[in-house]
Amino acid sequence: MKSDSHWEGLQPHVNTLRLKAILVVDDDQQLASALQWILADENFLVDVAFDGKAALLKVKAHEYDAVICDLKMPRLRGDEFYLQAKEMRPSLSDRFIFITGFATDAKIALFLTKHDVKYLVKPFAIQGLINCVKQLLC
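First residue of the sequence shown? That's 168 in this note's numbering, and the numbers climb one at a time after it.
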């Protein structure tokens, strides 16, 4: 029987591209779910947590390339989550994008300025968030 030698030694193509993993943290479950679908449509792996404590458990268990996080949430506020998460995973410290409707609140404004973090004010344009995420991860 004749051998198909041109096939010998060829390895199947392996996709070496790794999708970027994003954690979305917001107590507004509808918004969090919408962001999950939108970002997944942009070829990101997206996980969701509905409060800071749940998000902290996820950060402890998984590695994320970026975090999109609300600031005013029950159980553990976004600023508190950020401080604990960056201690747990220092590489995440410059990988946060905060979303808030309270950017003019003195305490929140101080946090955003002091930590020099990226943020978007609710309501924000979806394309603006997508651009911000892509810029952060490139």
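The beta-carbon is built from N, C-alpha and C at its ideal position, and this holds for glycine as well.
Notebook entry, point to check: If you compare alpha carbons, which of Val284, Ala270, Lys239, Ile266 is closest to Leu202?
Noted result: Counted from its first residue, the sequence shown places residue 202 at position 35. For Leu202, the nearest C-alpha among the options comes from Ile266.
Notebook entry, point to check: If we call anything under 7 Å between Cβ atoms a contact, is Ala188 one with Asp232?
Noted result: Mapped onto the sequence shown, residue 188 falls at position 21. Mapped onto the sequence shown, residue 232 falls at position 65. Yes, the pair counts as a contact, with Cβ atoms nearer than the cut-off.
Note to self: Do Val234 and Phe263 have their beta-carbon atoms positioned less than 7 Å apart in this structure?
What the structure shows: Looking up residue 263 in the sequence shown gives position 96. Looking up residue 234 in the sequence shown gives position 67. Yes, the Cβ-Cβ distance between Phe263 and Val234 is below 7 Å.
Note to self: So, for Phe211: in the same chain, excluding its five sequence neighbours on each side, which residues have a beta-carbon less than 8 Å away from its beta-carbon?
What the structure shows: In the sequence shown, the residue the question calls residue 211 occupies position 44. For Phe211, where only same-chain residues beyond five positions count, the Cβ hits under 8 Å are Leu186, Lys187, Ala188, Ile189, Val300.
Item checked: Pick from Pro241, Asp272, Met255 that is closest to Glu230, judged by C-alpha positions -> Stepping through the sequence shown from its first residue, residue 230 is reached at position 63. For the residues Pro241, Asp272, Met255, the minimum Cα distance to Glu230 belongs to Met255.
Check: According to DSSP, is Asp195 helix, strand or coil?
Finding: Along the sequence shown, one-based indexing puts residue 195 at 28. Reduced to three states, the DSSP call for Asp195 is coil.
Note to self: DSSP has Tyr286 in a bridge; who is on the other side?
What the structure shows: Start at 1 with the first residue of the sequence shown, and residue 286 comes out as number 119. BP columns for Tyr286 point to Phe265.
Notebook entry, point to check: Should Lys220 and Leu243 be called a contact, given that it needs their Cβ atoms to be closer than 7 Å?
Noted result: Against the sequence shown, residue 220 aligns to sequence position 53. Against the sequence shown, residue 243 aligns to sequence position 76. Cβ atoms of Lys220 and Leu243: closer than 7 Å.
Note to self: Which residue wins for smallest C-alpha separation from Leu197, given the options Asp246, Pro241, Ala216?
What the structure shows: Translated into positions along the sequence shown, residue 197 becomes position 30. In the sequence as presented, Leu is not what sits at residue 197; that position holds Gln. Closest by alpha carbon: Ala216.
Check: Comparing alpha-carbon positions, which option in Gln294, Gly268, Ala228 lies nearest Cys236?
Finding: Numbered from its first residue, the sequence shown carries residue 236 at position 69. That would be Gly268, whose Cα lies nearest to the Cα of Cys236.
Check: Curious, which full-length beta strand (DSSP E) runs of at least 3 residues does the segment 208-236 contain?
Finding: 212-216
Next item on the list: Return the chain-ordered list of same chain residues with a C-beta closer than 7 Å to the C-beta of Leu304, the five sequence neighbours on each side being excluded.
Entry: As a first step, residue 304 is located in the sequence shown; it is residue number 137 there, counting from the start. Contacts found: Lys187, Asp232, Ala233.
Note to self: By alpha-carbon positions, which one of Val213, Asp283, Ala228, Lys225 ends up nearest to Asp159?
What the structure shows: Residue 159 falls outside the range modelled here, since the chain spans only 168 to 305, and no answer is possible.
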